[in-house]
Each structure stands twice: as C-alpha cells, then as structure tokens.
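Quick mapping for you: the protein sequence lines, in order, are chains A and B. All residue numbers for the first sequence refer to my numbering, where the first residue is 19 and numbers rise by one. All residue numbers for the second sequence refer to my numbering, where the first residue is 21 and numbers rise by one. By construction, the Cβ of each residue, glycine as well, lies at the ideal position given by its N, Cα and C atoms. Just so it is clear, the structure is predicted and the values come from calculations on it, not from any experiment. Following: one structure in structure tokens, then a few remarks.
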Amino acid sequence: MSSLPMTDPFASVSPLIQAVEQADTATALLVATARLASQLAGDDPPAPAAIAALVQVLGFNNPGAAVAAVDGLIACGEAAVAPLLDNLDAHNYGARAWAVRALAGIGDVRGLELLEQALAGDIGPSVRRAAARGLGQLRSDALPAQERREVLERALTALEAAAADGEWVVRYAVVVGLESLALALTPESGGSDGELRQRALQTLTLLSQPDQDTTVVPLRANQALGRLNPAA
Amino acid sequence: MAGEEHGPPLTEAGEPISEAEALRRLRQTDDQSLQYYAAWWLGRMRSRHPDTVPLLRSALRQRQPRDPGAGVEHNAVARNAARALGKLEDGGAVPDLLAALEDDDDGLREAAARALGELGALEAVEPICARLASGPAGAGAPQTNSPKLQEPCEALIEALGAIGVADPAVVGVIEPFSGHDRPLIRSAAARALLQLTAEVRWGEVLLELLEHPQLQVRRAALMDLGAVGWRPALEPIRATLAENSLKLIALRGLVEQGSGEPGLEALLGAMDDLL
Chain A
19 MSSLPMTDPF
29 ASVSPLIQAV
39 EQADTATALL
49 VATARLASQL
59 AGDDPPAPAA
69 IAALVQVLGF
79 NNPGAAVAAV
89 DGLIACGEAA
99 VAPLLDNLDA
109 HNYGARAWAV
119 RALAGIGDVR
129 GLELLEQALA
139 GDIGPSVRRA
149 AARGLGQLRS
159 DALPAQERRE
169 VLERALTALE
179 AAAADGEWVV
189 RYAVVVGLES
199 LALALTPESG
209 GSDGELRQRA
219 LQTLTLLSQP
229 DQDTTVVPLR
239 ANQALGRLNP
249 AA
Chain B
21 MAGEEHGPPL
31 TEAGEPISEA
41 EALRRLRQTD
51 DQSLQYYAAW
61 WLGRMRSRHP
71 DTVPLLRSAL
81 RQRQPRDPGA
91 GVEHNAVARN
101 AARALGKLED
111 GGAVPDLLAA
121 LEDDDDGLRE
131 AAARALGELG
141 ALEAVEPICA
151 RLASGPAGAG
161 APQTNSPKLQ
171 EPCEALIEAL
181 GAIGVADPAV
191 VGVIEPFSGH
201 DRPLIRSAAA
211 RALLQLTAEV
221 RWGEVLLELL
231 EHPQLQVRRA
241 ALMDLGAVGW
251 RPALEPIRAT
261 LAENSLKLIA
271 LRGLVEQGSG
281 EPGLEALLGA
291 MDDLL
C-alpha cells in the first residue's frame, strides 16, 4: 500500500484517470484502464473519480479494457456499488453485462434486486449468466439472521427459476451459482439453512440429467453435487 | 466461423409457439416470413415430429428473391430449412442437401454445406472436394463486385473437417487454403486439418490467429478451436482479447469435443472464471 500525500489523497491517480480519458486507440485504452485498475486496487479509499472513469470504460465496447475495469471495480468493493447502480445503461447490453459482472464479483447485497431482474428478464444471455453467478456469491454473513435468510432465499428462488433457461451458458452459470450458494449454507447454522441447501441440491440434481443441447451443463452439475456431498 | 445462429429476424425470444403451430406455419406458403421462423424453430427445438423433416425438405426446394426492404435474404426459407435439417440428425435429408449444394445461390450452397457437415454425410465429401479443387486462386478468388469468394470456402472446408474423412486426397484439397490471403479462410483450413490429421502444427496456426489484430479473426479462431476441442489451447484461449461469451463457447468445445490434458477440473474451473 503506497503512502499518499496528505494534501490531495487522490493525486496519484489523476494522471492515470487522464490517460483513460484521453486514450485514442483500443490498445491505449486497455493499457490505461489496466494501470488505473491496478493502482486503485491498492488505494484505500479508492478515488471516486477513478471509479467513475472505470464505470465509463464498461460502455466503450472494448472487451479487454472492460475486463480490466471490472477487475478494478471488484477490487474497489463496496465503494463501487453505488456508482455502478447509478450508471446502468439500459440501451447498452455490453455495458450492462460488465456492470452486472462487477456487481456479481463485489457480492454486495445492494445488487440483489438488479441481479434478480437481470437473470429473470434480460434479453442478453451474457447478462443473465453473470447475474446467475453473482446470485451465488452475495455476501450475507454480516446481516441479521432474518435478513440473511431472506437474501439467500430470494437468490435461490431466482436461480431455481433460471434452471430452465433456453441458453446452455445461463444454465451452466445457474449450476455455479447454486454450488456457491449451497457451499455457504452450512448445515450447523440451523434448520432454515438446511432447507435452502436441500432445495439447491434438488435443482442441481435436475441439471445433472442429460440435456439435449449440451453435455457440459450436466458435467458441471455432477461436479457440484460431488463437492457438496463428498460422501456420496 | 461464428455465424451459426440464424434466429428470427424480429426478437431473439419471439413469442413461444407450439410444435403444431410451427408445422402449420411451415406448411402454408403465403407468408414466407412465417415459414422462415417456423423452419428455424423446428431446428432449434430439435423437433422429432414425423412431418418435420418432410416439410423442411420441401421448404428446401422453395426459391424466392432477396427482399432488402423487408430484410429478407435470397432463398431465405430454403436456407433456414437447410440449417434446420443440419440439426435434426435425419440422413433422409442428405439427397436434398446434396442437390442444394449444386444450387446457383452461393448462400444456399453455404447453408447446405454446413448442414451436410453437421450430419456427417460421407456422400458430400466428393462433391465438396470438387467445388474446392481449383484452390485459393479459383474457388477462393474474390467475386467481382462482392466481398464474397467464388465458393463459400469457409463452410465447405469446415464441412470436410466435420465429416472427418482423413483421406490424403481430402487433406490435399484443403491444405492450399491454409495459405489463403484471408485469415478467416486460413482459420477454417487449420481447423479442418487439425480435425483430420491431429497434427499440432495446425493447432499452432489457430493459436497464432488468436493474437490477430482483428477481433473478427480472433473470434473465428476461438470458434474453430472449440469446434476441434483442442485442449492444449486452454491457456491461449483464456488470454485472448475477446468477449467471455465466445471464450465460453470455445471452452465448452474443449470439454465436449476434446480429450486428454488439461482435464475437466481445469477446463470447468476456467469456464467458471469467465461467467
């Protein structure tokens, strides 16, 4: 972690933000975004202007730069949640997918509603798949028991509904989401956890059955079941 | 080649229709856009109804001009019928597809070639080789006033790879295309040659194309590696600058078509990271 001057805590990232704003080729944007993202990962707190710059990059149709921006935003954690939610672009599927992916990686429960909506109704399979993965990774441990149960049940219900998605990649992501959700539900933490875990296992069992367009989804579902039931 | 999906022109989801409705729409001939959608639907849903294949075979014989105003391609219904027949695993359609392979419409030849490849139709090897025999300077020469080549080389070459007759004569027809001017044709040739010969050098050609400056070429190389299932490509695929969606399709191919190392654990783990 670098020590920052007291006068302007964000001075060190200003030139990096400028480089992102002024990049005039795809490669320059990628390089500038990666530099800004890796700098931010070490800053605490991250500069709001830098977060805003990374959020903007998600809309530029530059996959390489977007990957770097998502990594940077995930590293920023909670600080990036509000800027991401406030800047969703309904007309740019690519940008939405990256934003959902960033929120999924951050795992903040403020993203729950967006992830539910994205998984249930977004026309882009890439958005639905990112949402499915994210719903399995919401960090609910710090919440009061009642709220935690509600968050996990909503996430589970959304994943159960998406198990019938027409796109194999979404079903694959549902498997991954269910697996991580179920791994977080430890049987010792009470009856309601056990019940949710059982539901997750049921859907995974359904997804482990032969599938008419792909073998990779049942393969992954079986892998998940093996991890959840090491004895079986 | 990435363009495998020829969904309905309006919306991806469309309104859900039943199999009976799809068959009704394909049977009527007044509204070709309904037939177009129905043909796509029956292929996509892998319809097993006894009327499906016969109706698609007669749709394959339908001809219609292009209608740019309505966004309708030349012989749209026939082309979609060919694509659907490729997905239905019914060898009865092969003679009609072979006839379509001789059509004047190169778009229909392209769709027929892909379908014959998907069906693994051995009977198609000879006619496809005949179409490619003139090499990059003949079949692979550009048409005047069009970005297309004389023959739909990419589809023809990929079909030979999919059918999988590893005869030296077939390899000999494809190999000259590995030096074609266009990287997409080189990619198709390397894909087919890797499928037929399993020689590492053709996999290496595809790995080089993953680093091509044009995104479109990198995408095609991803699809081609996935189609072959060449597992040594795992790390280069992860490192390619392209959408995760395409990398996921490529890795699915490595899981489903490939064998050996890296194994399932590594492949599935890489897929999880891309979601």
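Does Arg151(A) come within less than 8 Å of chain B when only Cβ atoms are used?
-> yes
Taking C-alpha atoms, which residue in Val193(B), Thr217(B), Leu229(B) lies nearest to Leu204(B)?
-> Leu229(B)
To the nearest whole angstrom, what separates the beta carbons of Ala262(B) and Pro81(A), a pair I think is in contact under 8 Å?
-> 6 Å
Cut-off 6 Å between Cβ atoms - residues of its own chain near Ala157(B), not counting five sequence neighbours on either side | none
Beta carbon proximity, Ser265(B) to chain A, threshold 8 Å | yes
Contacts of Val271(A) in chain B (Cβ-Cβ under 8 Å) = This structure leaves residue 271(A) out entirely; chain A is present only between 19 and 250.
Gly137(B) and Ala104(B) look like a contact to me (Cβ under 8 Å); what is the Cβ gap, rounded to whole Å?
-> Not a contact, Cβ separation roughly 15 Å.
Could you spell out the range, first to last residue, of the alpha helix (DSSP H) harbouring Gly155(B)?
-> Gly155(B) -> no alpha helix (DSSP H), and no H or E assigned at all.
CB contact below 8 Å: Leu54(A) versus chain B | no
Ordered along the chain, which non-local residues of its own chain (more than five positions away) have a Cβ less than 7 Å from that of Arg151(B)?
-> Ala159, Glu171, Leu176
Glu171(A) to Lys168(B) span [Cα, whole Å] = 54 Å
Does the Cβ of Leu216(B) have 16 or more other Cβ atoms within 10 Å, making it buried, or fewer, making it exposed?
-> buried
Where Leu235(B) and Gly112(A) are concerned, what is the direct C-alpha to C-alpha distance, given to the nearest angstrom?
-> 16 Å
Beta carbon of Leu76(A) nearer than 8 Å to that of Ala84(A) = yes
Go to Glu276(B), then tell me how far its alpha helix (DSSP H) extends in each direction, as first and last residue.
-> 264-277
Run down chain B in chain order and give the residues with a C-beta less than 8 Å from the C-beta of Ser144(A).
-> Glu263, Asn264, Ser265
Residue closest to Leu142(B), alpha-carbon to alpha-carbon, out of Ala186(B), Ile194(B), Leu288(B) | Ala186(B)
Note down, in chain order, every chain B residue with its Cβ under 7 Å from the Cβ of Ala191(A).
-> Leu295
Backbone secondary structure at Leu169(B) - three-state DSSP = strand
Cβ pair Ala290(B), Leu254(B) closer than 8 Å | yes
In chain order, what residues of the same chain lie with their CB nearer than 6 Å to the CB of Gly249(B), ignoring the 5 residues before and after it?
-> Gly273, Leu274, Gln277, Gly278
Does Glu138(B) have its Cβ less than 8 Å from a Cβ in chain A?
-> no
Who are the near neighbours of Arg128(A) in its chain, counting only those whose CB is closer than 6 Å to its CB and skipping five residues on each side?
-> Val99
Can you check whether the CB of Leu128(B) is closer than 8 Å to the CB of Ala144(B)?
-> no
So which of Asp124(B), Ala131(B), Ala209(B), Arg83(B) has the shortest CA-CA distance to Trp60(B)?
-> Ala131(B)
Supposed close pair Gly90(A), Val118(A) - CB separation, criterion 8 Å = Not really, about 16 Å apart at Cβ, beyond 8 Å.
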